[in-house]
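Chemist:
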Amino acid sequence: MEPSEFKELKKQLSSTRKNGYDKISAADVDAMETYCGGYKAFLDIGKTERLCVNETIRLAEERGYRPFVRGMELHTGDKVYHCNRGKSVLLARIGTAPLSAGAQITAAHIDSPRLDLKPNPLYEEAELAYFKTHYYGGIRKYQWVTIPLELRGVIALKDGTVISVNIGGEEGDPRLVITDLLPHLSAEQNKKPLSEAVPAESLNLLLGSRPIGDEEDSGRVKLAVLKLLHDKYGITEDDFISAELEAVPAVKACDIGLDRSMIGAYGQDDRVCAYAALKALLDLDKDPVKTAVCVLADKEEIGSDGVTGMQSAAFDTFMEDLCEAQGVAVRECLEHSFCLSADVTAAYDPNFGEVYEKRNAAFVNYGIGLCKYTGSRGKSGASDANAETVAYARKLFDDADVIWQMAELGKVDAGGGGTVAVYMANRNITTLDAGVPVLSMHAPFETVSKLDCYETYKGMKAVYLADF
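Quick note: the sequence shown uses this note's numbering, first residue 240, plus one each step.
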């Protein structure tokens, strides 16, 4: 075989996977930067799932979306949303085809790993005041000490009043912190595995040290903290019992790298996919053929249970209400629907290359990562999309010039993880996982590629506009 024939045959038959910057146009680079600017703003506003919902509704209403009311008539082009208890939101743009033809769905989650306050959190020890926490989701506990934290959430009073709490989220606000052991006294701690070196019960937020009252009084620092909280929010200690307060990193999203090619921020799992799914829906410049549905769910990091999680009936109820408006059986709609389970995947990190299987890992700047299955070890907990579904996505993205790659989370026996895909597939919806590759996933500060963010947005738009 001649060298030229070999090269041509290799070009025809071999994989063409390459860095996205070798494919992307100059115009797309400009559009990418504009898109990522909006994404960083979304991250800074949406530090919790409640804040994400509020910002989602604000953005949607700016684009003409209105609350869905059961029984309302729906016509092609109508834009509606439903807010589920302030912690998840579902949006739909009605297509030209009836819902009996199915819907094009994206499903992402807006909760992220964090530290929740316990129901009775406030205490004083050695004349220092603290909040007790209970971590939420899969965290590496040692990463949460000695970093600035802010407290966000709500306190619900018995009279029905709901008070929004923001401590540390504004410029000039005081921050909170969890202290760590100094290296001079850490000989025993150093012998422990990472998972044990910082016990969960030591993740206590330092609140203050200045006492009030007379020196013979007890609990003076705790009382001083309570007074500050009462002066600002009008609450008492018992009101913590009906509160949802979350300690999250007090950092803003920023560009990473001398070339500004990446974004660093808290909560990019999975708000990077949530924003892409939302923004793509809001940016549709024409009515889709099939009804486009965006689901931004809560509770994914702890199994998608609960009334605002993907396993609840909230999604089924929303779809059934949409279908009833057109006289369609919801089961008929779902069996003809496609769902992109939009969740992040692990980006290959050469610093820890031993846990990745390089031939099947996602790489930074190679585009949105398609995951045929997630789960752990023997695909436990995965929906495991069939070959036809993966072929559908390949065609969908290629036709829309979306840069994409296939991905697995890591080596087979290295661990694993799950997404909402299995819960959508269990509803008889054809489902495939896809999302942005992330470095330092679940850390208080995660890193993603701008190119991968933008290509994921383009991929979401392609899903909504699909007519096959």
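Beta carbons are placed, not taken as given, at the ideal position from N, Cα and C, and that holds for glycine.
Pull up the distance between the alpha-carbon of Tyr381 and that of Leu704, whole angstroms please.
Modeler: As a first step, residue 381 must be located in the sequence shown, where it is residue number 142. As a first step, residue 704 must be located in the sequence shown, where it is residue number 465. If you take the alpha carbons of Tyr381 and Leu704, they lie about 44 Å apart.
Chemist: In this structure, what does DSSP give as the bridge partners for Ser403?
Modeler: Walking along the sequence shown from the start, residue 403 turns up at place 164. Per DSSP, Val393.
Chemist: Applying the criterion that 16 or more other CB atoms from any shown protein chain within 10 Å of the CB defines a buried residue, is Ser327 buried or exposed?
Modeler: For this step, residue 327 is matched to residue 88 along the sequence shown. With 16 or more Cβ atoms within 10 Å of its Cβ, Ser327 is classed as buried.
Chemist: When the Cα of Val532 is compared with those of Gln507, Cys562, Trp383 and Ala585, which residue comes out closest?
Modeler: Mapped onto the sequence shown, residue 532 falls at position 293. For the residues Gln507, Cys562, Trp383 and Ala585, the minimum Cα distance to Val532 belongs to Cys562.
Chemist: In the DSSP assignment, find the unbroken alpha helix (DSSP H) run with Asn293 in it and report its ends.
Modeler: For this step, residue 293 is matched to residue 54 along the sequence shown. Per DSSP, Asn293 belongs to the alpha helix (DSSP H) from Glu288 to Glu301.
Chemist: Taking contact to mean at least 3 C-beta pairs separated by less than 8 Å, is the segment 278-289 in contact with the segment 621-641?
Modeler: The segment 278-289 is not in contact with the segment 621-641.
Chemist: Could you tell me the boundaries of the beta strand (DSSP E) in which Met240 lies?
Modeler: By one-based count along the sequence shown, residue 240 stands at place 1. It is not in any beta strand (DSSP E) - Met240 carries neither H nor E in the DSSP assignment.
Chemist: Note the first and the last residue of the continuous alpha helix (DSSP H) segment covering Thr273.
Modeler: Translated into the one-based positions of the sequence shown, residue 273 becomes position 34. From DSSP, the alpha helix (DSSP H) with Thr273 extends over Ala265 to Ile284.
Chemist: CA-CA distance, Ala443 and Lys461?
Modeler: Within the sequence shown, residue 443 is the residue found at index 204, counting from 1. Within the sequence shown, residue 461 is the residue found at index 222, counting from 1. According to the sequence displayed, residue 443 carries Asn and not Ala. The straight-line gap from Cα to Cα measures roughly 14 Å.
Chemist: If we call anything under 7 Å between Cβ atoms a contact, is Asp537 one with Asp350?
Modeler: Counting from one through the sequence shown, the residue named residue 537 turns up at place 298. Counting from one through the sequence shown, the residue named residue 350 turns up at place 111. Yes, these two residues count as a Cβ contact at 7 Å.
Chemist: Within 10 angstroms of its Cβ, does Gly698 collect 16 or more other Cβ (buried), or is it exposed?
Modeler: Here residue 698 is taken as the residue at index 459 of the sequence shown, counted from 1. Gly698 comes out buried.
Chemist: Return the bridge partner residues of Glu427 from the DSSP annotation.
Modeler: Within the sequence shown, numbered from 1, the residue matching residue 427 stands at position 188. DSSP, once it has assigned bridges, lists no residue as partnering Glu427.
Chemist: If you draw a straight line from the alpha carbon of Leu421 to that of Pro438, how long is it in whole angstroms?
Modeler: If you number the sequence shown from 1, residue 421 lands on position 182. If you number the sequence shown from 1, residue 438 lands on position 199. Going by the C-alpha atoms only, they are around 16 Å apart.
Chemist: Could you tell me the distance, in whole angstroms, from the CA atom of Ile480 to the CA atom of Lys525?
Modeler: What you label residue 480 is simply residue 241 of the sequence shown in a count that begins at 1. What you label residue 525 is simply residue 286 of the sequence shown in a count that begins at 1. Each residue's Cα considered, the two are about 48 Å apart.
Chemist: Measure from the alpha carbon of Phe577 to the alpha carbon of each residue in Lys318, Ala601, Ser448 and Asn665, then state which is nearest.
Modeler: Working through the sequence shown from its first residue, we reach residue 577 at position 338. Minimum Cα distance to Phe577 is reached at Asn665.
Chemist: To the nearest angstrom, report how far apart His321 and Asp560 are at their CA atoms.
Modeler: If you number the sequence shown from 1, residue 321 lands on position 82. If you number the sequence shown from 1, residue 560 lands on position 321. Their backbone Cα atoms lie some 11 Å apart in a straight line.
Chemist: Taking the alpha carbon of Tyr678 as the reference point, which residue from Lys249, Tyr505 and Tyr362 has its own alpha carbon closest?
Modeler: For the purposes of this step, residue 678 is identified with residue 439 of the sequence shown, where counting begins at 1. According to the sequence provided, residue 678 is Leu. The question's Tyr does not apply to it. Closest by alpha carbon: Tyr505.
Chemist: Going by DSSP, name the residue or residues bridged to Ser688.
Modeler: In the sequence shown, the residue the question calls residue 688 occupies position 449. Answer is Met501, bridged to Ser688.
Chemist: Restricting to Cα atoms, I'd like to know which of Ala653, Gln565, Ala515 and Lys597 is closest to Gly617.
Modeler: Translated into positions along the sequence shown, residue 617 becomes position 378. Ranking Ala653, Gln565, Ala515 and Lys597 by Cα distance to Gly617 puts Ala653 first.
Chemist: With DSSP collapsed to three states, give me the class of Phe602.
Modeler: Against the sequence shown, residue 602 aligns to sequence position 363. Of the three classes helix, strand and coil, the one that applies to Phe602 here is coil, per DSSP.
Chemist: What do you get for Val659, buried or exposed, if any count of 16 or more other CB atoms within 10 angstroms of its CB means buried?
Modeler: Position 420 of the sequence shown, counting from 1, holds the residue named residue 659. It counts as buried.
Chemist: Who are the near neighbours of Pro337 in its chain, counting only those whose CB is closer than 8 Å to its CB and skipping five residues on each side?
Modeler: Start at 1 with the first residue of the sequence shown, and residue 337 comes out as number 98. Closer than 8 Å at the Cβ level, and outside the excluded window around Pro337, lie Gln565 and Val567.
Chemist: Between the C-alpha atoms of Leu523 and Asn258, what's the straight-line distance to the nearest angstrom?
Modeler: Counting from 1 along the sequence shown, the entry for residue 523 is found at position 284. Counting from 1 along the sequence shown, the entry for residue 258 is found at position 19. Spanning the two alpha carbons is a distance of roughly 27 Å.
Chemist: What are the complete beta strand (DSSP E) segments, minimum 3 residues, inside the segment 634-666?
Modeler: Here the runs fully enclosed are 643-645.
Chemist: Use the C-beta contact count for Thr372: other C-beta atoms within 10 angstroms, 16 or more gives buried, fewer gives exposed.
Modeler: Translated into the one-based positions of the sequence shown, residue 372 becomes position 133. Buried: at least 16 other Cβ atoms inside 10 Å.
Chemist: Closer than 8 Å is the cut-off here; do at least three beta carbon pairs connect the segment 353-372 with the segment 474-489?
Modeler: Contact holds: three or more Cβ-Cβ distances are below 8 Å.
Chemist: Which parts of the segment 518-602 are runs of the alpha helix (DSSP H), unbroken and 4 residues or longer, counting only runs that do not cross its ends?
Modeler: Here the runs fully enclosed are 553-564 and 569-574.
Chemist: In whole angstroms, what separates the C-alpha of Cys572 from that of Gln343?
Modeler: One-based indexing of the sequence shown puts residue 572 at position 333. One-based indexing of the sequence shown puts residue 343 at position 104. Rounded to whole angstroms, Cys572 to Gln343 spans 10 Å at the Cα level.
Chemist: What is the DSSP secondary structure of Lys229, reduced to helix, strand or coil?
Modeler: Since the first residue shown for the chain is 240 and the last is 707, residue 229 is missing from the structure and cannot be characterised.
Chemist: In chain order, what residues of the same chain lie with their CB nearer than 7 Å to the CB of Ala436, ignoring the 5 residues before and after it?
Modeler: Here residue 436 corresponds to residue number 197 of the sequence shown, with the count starting at 1. Excluding residues within five positions, the ones whose Cβ falls inside 7 Å are Tyr381 and Gln428.
Chemist: Classify Arg459 as helix, strand or coil using the three-state DSSP reduction.
Modeler: Position 220 of the sequence shown, counting from 1, holds the residue named residue 459. If DSSP states are grouped into helix, strand and coil, Arg459 belongs with the helices.
Chemist: Closest to Asn604 by CA distance: which of Leu648, Ser243, Met240 and Ile263 is it?
Modeler: Taking the first residue of the sequence shown as position 1, residue 604 is located at position 365. For the residues Leu648, Ser243, Met240 and Ile263, the minimum Cα distance to Asn604 belongs to Ile263.
Chemist: Using the Cβ count rule (16 or more neighbours within 10 Å means buried), how would you classify Val401?
Modeler: Here residue 401 corresponds to residue number 162 of the sequence shown, with the count starting at 1. Exposed, by the Cβ-count rule.
Chemist: Between Glu366, Lys246 and Ala673, which has its C-alpha nearest Leu635's C-alpha?
Modeler: As a working mapping, residue 635 is identified with position 396 in the sequence shown. When only C-alpha atoms are compared, the closest one is Ala673.
Chemist: Can you give me the start and stop residues for the alpha helix (DSSP H) that Glu708 sits inside?
Modeler: In this structure the chain extends from 240 to 707, so residue 708 is not present and cannot be described.
Chemist: Drop a sphere of 10 angstroms on the beta-carbon of Gly277, count the other beta-carbons inside from all chains shown, and report buried for 16 or more, exposed for fewer.
Modeler: Position 38 of the sequence shown, counted from the start, is the residue given in the question as residue 277. So Gly277 ends up on the exposed side.
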